[in-house]
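A.B. asks:
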Amino acid sequence: MQIPRGCRIGCLTALLIAVVAVVLAVRWWTAPIDIPRPQRPPDPADNPYDVYRSLAMYTSQIFRNDPMLSYAERELFPSRQTVSLHRPDLARYLLQQMQPVRLEYRRHLHKPCAAILEYTPAWQFPELAEFRRWANIESLDMALAVQEGDYSRAIEDYRTILLLSEQIRNRGELIHYLVGSAMQATVNKMMGEILQLLPARQCEQLVRVVREWEKRYVPPVQAVAVERDFYLTILHDLYAGRYETMRLFADHRSIMRWNPRWLNLRRAAREGMAYFQRVEKELSKPINQQQAYVEEPRHPVARLLLPVLNVPGHTVGYTVSRIRLLGCAAAVRAYRLRHGSYPATLNEAGVADLDKDPFTGGGFVYKPGEQGFLLYSMGRDGKDDGGWRVSERHEGRGDITLLPFYGRPVGAGESAEQGEPVWLK
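Per the numbering used here, the sequence shown runs over residues 3 to 427.
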């Protein structure tokens, strides 16, 4: 039976349309990424980060080659952010061996710096562990300086880590940013403990240090921008079929068996960009207004490659708050030592520029009284708890003061305890 000519034409037309549709769908699905590959800006001409990396490798080497240094480290730093001076002989030995390194990185603190990295998953950062070690060593010298009555030296050690941590953060990834926060937390705790011993002149020196840090402060949104550029570069390399990038999915064979061009990487790039824009929008808000969770992309490649970006705001908020609180508290103490009474406001103490709470977007809570004065941030919940300190182990209710409070571990359903208010003088 012959098929009518009109039916044949209709079937051929439908087949042609189907083929064209399939071709167009394949071309759309495998289309190149339409977001340009980011270009990393050139590093400064005399970039001190290269020096810091070399010094970090040297630090690692001398600790490996000298068992006494490793022993001293264990004895002098029994736990996180804790310094023990029960063996002053070990403290002096460690500081003596590290003195050339300490003097060398101090020579570069005034220079423009940018973290050295390449947008490739093979790039590693062994220097970051040594940077944290440097913060411990500077906190050790701070404690020793106070014991010897050399308060200016302690403040200079504090300044060194504040500026160094901002240098290594600049144009670095999220890991650089979090290491910088850890370094600052180490010396913040020590400075918070010795603040009430400082004479007026050293209090004013500390205020100047905090203002200098404010000028160098690198906001967390910069680390997010670097992570975004890294992500886009990896997607472009995936699309180009670079072997090094394909190793990312060695444990995900369901993805490995596909040609990268069949993974619809253009959609992964667009979803990733939208995700980074949401994170940047949240980071522009005061911390207690930020969403606890930013919706992640649905594309499987994006979910595998994207870092966890829901934490940098409140994580760095603790360190930023304490640095500014230290500056404000030092100014209040200097005012009291100079005038015999406490200022009515932080503005009267001359630190209105440092009275910026990153959690609320407003000012800190300052309450002078007979016992001294209270000074604190209302913390992530934005509620004034009268200076009762939040348990940072659990992030429950409470305020943030100069001295951290971790509290005891709690079980399921239990409320985190709060630390008593810290009255300063």
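Beta carbons are placed, not taken as given, at the ideal position from N, Cα and C, and that holds for glycine.
1) What first and last residue would you give for the alpha helix (DSSP H) that runs through leucine 97?
2) Just to confirm my understanding: we take leucine 26, look at its own chain, exclude 5 residues before and 5 after, and list those with CB closer than 8 Å. What are they?
3) Given a cut-off of 8 Å, decide if valine 228 and leucine 285 are closer than it, judged by their beta-carbon atoms.
4) Can you give me the start and stop residues for the alpha helix (DSSP H) that phenylalanine 232 sits inside?
5) Is there a C-beta anywhere in chain C that falls below 8 Å from the one on alanine 187?
6) Mapping DSSP to helix, strand and coil, what is serine 62?
7) Which partner residues of proline 370 appear in the DSSP bridge assignment?
8) Classify threonine 84 as buried or exposed, calling it buried when 16 or more other Cβ atoms lie within 10 Å of its own Cβ.
9) Are the Cβ atoms of histidine 238 and arginine 39 separated by less than 8 Å?
10) So, are the CB atoms of arginine 55 and glutamate 129 less than 8 Å apart?
11) Considering only residues of the same chain and omitting the five flanking positions on each side of glutamine 186, which have a CB-CB separation below 6 Å?
12) Measuring CA to CA, which of Leu405, Gln101 and Ile157 is closest to glutamate 195?
13) Hey, is the stretch 332-347 in contact with the stretch 274-292, meaning 3+ C-beta pairs nearer than 8 Å?
14) On the three-state DSSP scale, how would you describe glycine 342?
15) Assign aspartate 387 to one of three DSSP states: helix, strand, or coil.
16) In its own chain, which residues sit with a C-beta less than 8 Å from the C-beta of valine 28, not counting the 5 before and 5 after it?
17) Pick from Ala346, Tyr241, Arg161 and Tyr233: whose alpha carbon is nearest that of glutamate 216?
18) Quick one: what's got a C-beta closer than 7 Å to tyrosine 95's C-beta in the same chain, skipping five residues either side?
19) Evaluate contact between the stretch 294-307 and the stretch 274-285, counting only Cβ atoms and requiring at least three cross-stretch pairs below 8 Å.
20) Let me know the secondary structure DSSP gives aspartate 52 once reduced to three states.
21) Does DSSP classify leucine 426 as helix, strand or coil?
22) If you draw a straight line from the C-alpha of glycine 374 to the C-alpha of aspartate 386, how long is it?
23) Is the separation between the beta-carbon of methionine 192 and that of leucine 328 shorter than 8 Å?
24) According to DSSP, glycine 421 sits in a beta bridge with which residue or residues?
25) Once you ignore the five residues that flank arginine 255 on each side, which residues in its own chain have a CB closer than 8 Å to its CB?
26) Check for me: the alpha helix (DSSP H) holding tyrosine 160 runs from which residue to which?
27) Residue ranges of each alpha helix (DSSP H) run of no fewer than 4 residues wholly in the stretch 282-333, ordered along the chain?
28) Please report the distance separating the alpha-carbon of serine 86 from that of leucine 97.
29) Can you give me the C-alpha to C-alpha distance between tryptophan 31 and arginine 269, rounded to a whole angstrom?
30) Under the rule that 16 or more other beta-carbon atoms within 10 Å means buried, what is arginine 391, buried or exposed?
31) Work out the CA separation of asparagine 49 and leucine 422 for me, nearest whole Å.
C.D. replies: The answer reads as follows:
1) Taken as a continuous stretch (DSSP letters only), the alpha helix (DSSP H) holding leucine 97 covers 90-108.
2) Note that leucine 26 scores a pLDDT of 45, beneath 50, so its modelled location is shaky and nothing firm can be said.
3) No, these two residues do not count as a Cβ contact at 8 Å.
4) Per DSSP, phenylalanine 232 belongs to the alpha helix (DSSP H) from 222-242.
5) No chain C appears in this structure, which consists of one protein chain only.
6) Looking at serine 62 - three-state DSSP - the assignment turns out to be helix.
7) Under DSSP, proline 370 takes part in a beta bridge, and its partners are Phe375.
8) It counts as exposed.
9) Pairing histidine 238 with arginine 39 gives a Cβ-Cβ distance under 8 Å.
10) In this structure, glutamate 129 lies closer than 8 Å to arginine 55 by Cβ.
11) Cβ within range, chain order: Ser167 and Thr321.
12) Looking at the Cα atoms, Leu405 is the closest of the given residues.
13) No, the stretch 332-347 is not in contact with the stretch 274-292.
14) Correct three-state label for glycine 342: coil.
15) DSSP, reduced to helix, strand and coil, places aspartate 387 outside both helices and strands of the structure shown, so it counts as coil.
16) Low per-residue confidence applies at valine 28: pLDDT is 49, beneath 50, and the placement is therefore not dependable, though the value from the model is reported in the following sentence. Hits under 8 Å: none found.
17) When only C-alpha atoms are compared, the closest one is Arg161.
18) These residues qualify, in order along the chain: Met70 and Ala74.
19) Enough Cβ pairs lie closer than 8 Å, so yes.
20) Three-state result, aspartate 52: helix.
21) In the structure shown, the three-state DSSP call for leucine 426 is strand.
22) Within the model, the alpha-carbon separation for glycine 374 versus aspartate 386 is close to 19 Å.
23) Cβ distance not < 8 Å, so methionine 192 and leucine 328 don't count as in contact.
24) Arg391, per the DSSP bridge assignment.
25) Per-residue confidence for arginine 255 stands at a pLDDT of 49, beneath the threshold of 50, marking its modelled position as unreliable; the derived number appears in the next sentence. Nothing listed; no residue qualifies.
26) 153-171 is the extent of the alpha helix (DSSP H) around tyrosine 160.
27) Within the stretch 282-333, complete alpha helix (DSSP H) segments of at least 4 residues are found at 302-307, given in chain order.
28) Cα to Cα, serine 86 sits roughly 14 Å from leucine 97.
29) With a pLDDT of 49 at tryptophan 31, under the threshold of 50, the modelled position of that residue is not reliable, and no figure is offered here.
30) Buried, because 16 or more other Cβ atoms sit within 10 Å of the Cβ of arginine 391.
31) Sequence inspection shows glutamate at residue 422; the leucine mentioned does not correspond to that position. If you draw a straight line from the Cα of glutamate 422 to the Cα of asparagine 49, it is about 45 Å long.
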